[in-house]
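>
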Ligand SMILES: [Zn+2]
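Residue numbers (the numbering used here): 117 to 373.
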């Protein structure tokens, strides 16, 4: 029995957990287009599976529990592609607020979002502080790789523009769920961003991009680089970094508290 999966426990067991230290983890992904070669569940799948694998790496005494994955995220940059199911920003804000309030009411002290979808990031950063103020929980925000660098060598263009349905995501799903990937449909595409001050993810100014303006296939990156082996190397690096981060969060306290 996976006792780190909070819904596996009874309410009395959860009530009686020692919670002075410890963190509840909410994996959050998206259901959205990921090119013709990857399932729309890619981000939800990666959020859940990478969280599970990270928790398996923790020492047995670590107090880290996970909630079911929040599969639906804010994916309106991909609207216009079939299968993209997006929550409005205000809906996701209310969902996060209600989950966090329930976590706080159950007596936990720390909550961490493990996010697999870039389109959720700005909202999660904002909500982390809103929830901190509203509930008293310490709230943390991390990505599925916990900020760890890509351990696999990639071309410059992939590093700059490989942000969606790219080599990284494709290799991870190829390793975890190969039957969900159709590599015969994988095609590379980099957005044609004019040289200048304006970028899509960084730059003097950042354009608020919509996928349909920049990529007919829905891909930003080169998924043809992906192999299950590259996925295995990346998964190991990312989940090790995530495990270390969650362990530190579980013990974290503001010095004056
Ligand atoms: Zn994705």
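Every residue gets a Cβ at the ideal spot worked out from N, C-alpha and C, and that includes glycine.
1) Can you check which of these residues, 203, 121, 335, 172, is closest to residue 145 by C-alpha distance?
2) Quick one: is residue 254 buried, meaning 16 or more other Cβ sit within 10 Å of its Cβ, or exposed?
3) Give, in chain order, every unbroken run of the alpha helix (DSSP H) that is at least 4 residues long and sits entirely within the region 202 to 249.
4) Mind pulling the alpha helix (DSSP H) runs of 4 or more residues that sit fully within the region 124 to 204?
5) In chain order, what residues of the same chain lie with their CB nearer than 8 Å to the CB of residue 357, ignoring the 5 residues before and after it?
6) Starting from residue 277, follow the alpha helix (DSSP H) in both directions and report where the run begins and ends.
7) How far does the beta strand (DSSP E) with residue 258 in it reach, from first residue to last?
8) For ligand 1, is there a heavy atom less than 8 Å away from the beta-carbon of residue 280?
9) Report the residue from 134, 123, 363, 354 whose alpha carbon sits nearest the alpha carbon of residue 268.
10) Between the Cα of residue 348 and the Cα atoms of 219, 165, 324, which residue gives the shortest distance?
11) Tell me whether residue 150 counts as near ligand 1, meaning its Cβ is closer than 8 Å to at least one heavy atom of that ligand.
12) Output the distance between the C-alpha atoms of residue 180 and residue 328, rounded to the nearest integer angstrom.
13) Once the 5 residues before and after residue 184 are set aside, which same chain residues still bring their CB inside 7 Å of it?
14) What do you reckon, are the CB atoms on residue 186 and residue 215 nearer than 9 Å?
15) Quick one: give me the first and last residue of the alpha helix (DSSP H) that residue 330 is part of.
16) Would you mind giving the Cβ-Cβ distance between residue 153 and residue 301, rounded to the nearest angstrom? I have them listed as a contact below 8 Å.
17) Identify, in the order they occur along the chain, each residue of the same chain with its Cβ nearer than 6 Å to the Cβ of residue 330, setting aside the five sequence neighbours on each side.
18) Residues bridged to residue 280 by DSSP?
19) Is there at least one non-hydrogen atom of ligand 1 closer than 8 Å to the beta-carbon of residue 167?
20) Just to confirm, is the Cβ distance from residue 163 to residue 231 under 9 Å?
21) Where does residue 322 fall in DSSP's three states?
Let's see:
1) As a first step, residue 145 is located in the chain shown; it is residue number 29 there, counting from the start. When only C-alpha atoms are compared, the closest one is 203.
2) Stepping through the chain shown from its first residue, residue 254 is reached at position 138. The residue in question, residue 254, is buried, as its Cβ has 16 or more Cβ neighbours within 10 Å.
3) 205 to 221
4) 127 to 132, 158 to 172
5) In the chain shown, residue 357 corresponds to position 241, counting from 1. Contacts found: 261, 262, 263, 264.
6) Counting from one through the chain shown, the residue named residue 277 turns up at place 161. Taken as a continuous stretch (DSSP letters only), the alpha helix (DSSP H) holding residue 277 covers 272 to 277.
7) Along the chain shown, one-based indexing puts residue 258 at 142. 254 to 259 is the extent of the beta strand (DSSP E) around residue 258.
8) Against the chain shown, residue 280 aligns to sequence position 164. It does: the Cβ of residue 280 is within 8 Å (strictly closer) of some heavy atom of ligand 1.
9) Taking the first residue of the chain shown as position 1, residue 268 is located at position 152. Selected option, being the one with the closest Cα: 354.
10) In the chain shown, residue 348 corresponds to position 232, counting from 1. It is 165 whose Cα lies nearest to the Cα of residue 348.
11) The sequence position of residue 150 within the chain shown is 34, counting from 1. Yes; taking the cut-off as 8 Å, the Cβ of residue 150 has a heavy atom of ligand 1 nearer than that.
12) Position 64 of the chain shown, counted from the start, is the residue given in the question as residue 180. Position 212 of the chain shown, counted from the start, is the residue given in the question as residue 328. Cα to Cα, residue 180 sits roughly 39 Å from residue 328.
13) In the chain shown, residue 184 corresponds to position 68, counting from 1. Same-chain partners within the cutoff: 123.
14) The residue given as residue 186 occupies position 70 in the chain shown. The residue given as residue 215 occupies position 99 in the chain shown. Against a cut-off of 9 Å, the Cβ pair of residue 215 and residue 186 comes out as a contact.
15) Within the chain shown, numbered from 1, the residue matching residue 330 stands at position 214. Residue 330 -> alpha helix (DSSP H) spans 327 to 330.
16) Locating residue 153 in the chain shown gives position 37, counting from the first residue. Locating residue 301 in the chain shown gives position 185, counting from the first residue. Contact holds; Cβ gap of about 4 Å.
17) Taking the chain shown and counting its residues from 1, the one referred to as residue 330 is at position 214. Excluding sequence neighbours, residue 330 sits near 307.
18) As a first step, residue 280 is located in the chain shown; it is residue number 164 there, counting from the start. Residue 280 pairs with 336.
19) Position 51 of the chain shown holds residue 167. Result no, Cβ not under 8 Å from ligand 1.
20) The residue given as residue 163 occupies position 47 in the chain shown. The residue given as residue 231 occupies position 115 in the chain shown. Cβ distance < 9 Å, so residue 163 and residue 231 count as in contact.
21) Indexing the chain shown from 1 puts residue 322 at position 206. Strand at residue 322.
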